[in-house]
Amino acid sequence: MSIADNLLKYKNELDAVGVKLVAVSKNNPAESALEAYNAGQRVFGENLVQEMVDKQAQLPADIEWHLIGHLQTNKVKYIAPFIKLIESVDSFKLLKEIDKQAAKNQRVIDCLLQICIADEETKYGLEFDEAIEILRSEEFENLKNVRIVGLMGIATNNASEAQTKIEFNELKILFDGIKLSFFRKDDFFKEISMGMSSDYQLAITEGSTMVRIGSSIFGKRTIKHWKA
Ligand SMILES: *Cc1c(COP(=O)(O)O)cnc(C)c1O
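In the numbering used here, the protein residues as written are 105 to 332.
Here it is, written out as structure tokens:
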């Protein structure tokens, strides 16, 4: 199947259940993303700043770019002018830098707090109590140029279905708790980004509002030469 065929299959399936598709074009050339764009996709995810900046310059301006990989504070400035959603906020320091760069660009940048739900210690993400500490702090209240619109999580790689289900469920429970405690009246706090090619259906069952799908749409990744 072509990229367009794959894209439409997922788009139709996800539209039917009201879940947003983030097409993860990382490691694939801009032309591949353009194929998906021409089939109707407007939301794209990248995990490296340089790769996103290069593609953003080549591709149509109405694309919504989501950063889904670990973001170094010194690179926020490169994406601050155009980024639609930073899904991978994994420290307060990073959030403060995003706020600063957003202010410089006279905009508000939407963010998700990335929560550590996986077993692996290598995965980035905030612990549950770290996320709550940020939201509770006075310093956070004073950040006027970032808006937290939800949470993101990555389940343990190759875990059993039962384990993956537990991890997604933990993220959903944390989301519900944070919603009640901090964003009860804020309609914008509504996103739970969880689910990738291998586990998106399970993620949706557990309450995902946004899935990040790469390899099932774009196939085998073709470029490996990007610098971080
Ligand atoms: C690569 C990546 C995805 C997409 O993974 P696939 O298995 O290719 O669908 C989703 N989320 C994050 C954070 C990623 O880095």
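For every residue, glycine included, the Cβ atom is placed at its ideal position computed from N, Cα and C.
- For ligand 1, no non-hydrogen atom lies closer than 7 Å to the CB of VAL180.
- Under the three-state reduction of DSSP output, MET156 falls in the helix class.
- Between ALA127 and GLN154, the beta carbon gap of about 19 Å keeps them out of contact (Cβ cut-off 8 Å).
- Closer than 7 Å to some heavy atom of ligand 1: that describes the Cβ of ASN151.
- If you check the C-beta of VAL128 against ligand 1, you find a heavy atom less than 7 Å away.
- Under the 10 Å beta carbon count, PHE272 is surrounded by 16 or more other beta carbons and is classified as buried.
- Apart from sequence neighbours up to five positions away, the residues of its chain that approach ALA134 with a beta-carbon distance below 7 Å are LYS159, GLN162 and LEU163, ordered along the chain.
- A distance of 8 Å or more separates the beta carbons of HIS174 and TYR141.
- By the Cβ neighbour-count rule, GLN176 is exposed, with fewer than 16 other Cβ atoms within 10 Å of its own.
- Shown here for GLY318: same chain residues with a beta carbon closer than 6 Å to its own, the five before and five after excluded, namely VAL128 in chain order.
- Every beta strand (DSSP E) stretch that sits fully inside the segment 125-152 and reaches 3 residues is listed by chain position as 147-150.
- ILE213 is bridged by DSSP to VAL250.
- Comparing C-alpha distances from LEU247 to each of ASP119, ILE202, GLY323 and ALA165 shows the shortest one belongs to ILE202.
- With the rule of 3 Cβ pairs closer than 8 Å, the segment 261-281 does not count as touching the segment 237-251.
- C-alpha of LYS204 to C-alpha of ILE221: approximately 28 Å in a straight line.
- Counting the other Cβ atoms within 10 Å of the Cβ of VAL121 gives fewer than 16, which makes it exposed.
- In this chain, the alpha helix (DSSP H) harbouring ARG240 covers 232-240.
- Exposure of ASP280 is indicated by the presence of fewer than 16 other C-beta atoms within 10 angstroms of its C-beta.
- Counting along the chain, the unbroken alpha helix (DSSP H) around SER319 starts and ends at 319-322.
- Each of VAL253, ASN249 and SER195 was checked against the Cα of ASP291, and the nearest Cα belongs to VAL253.
- Between ASP233 and GLN218 a beta carbon distance of about 15 Å is seen, past the 8 Å cut, so the two are scored as non-contacting.
- For ALA235, the closest alpha carbon among the candidates LYS294, VAL212 and MET256 is that of MET256.
- Short of 8 Å from the beta carbon of LEU306, and not among the five residues preceding or following it, lie these beta carbons of its own chain, in chain order: GLU265, THR268, LYS269, PHE272 and GLY299.
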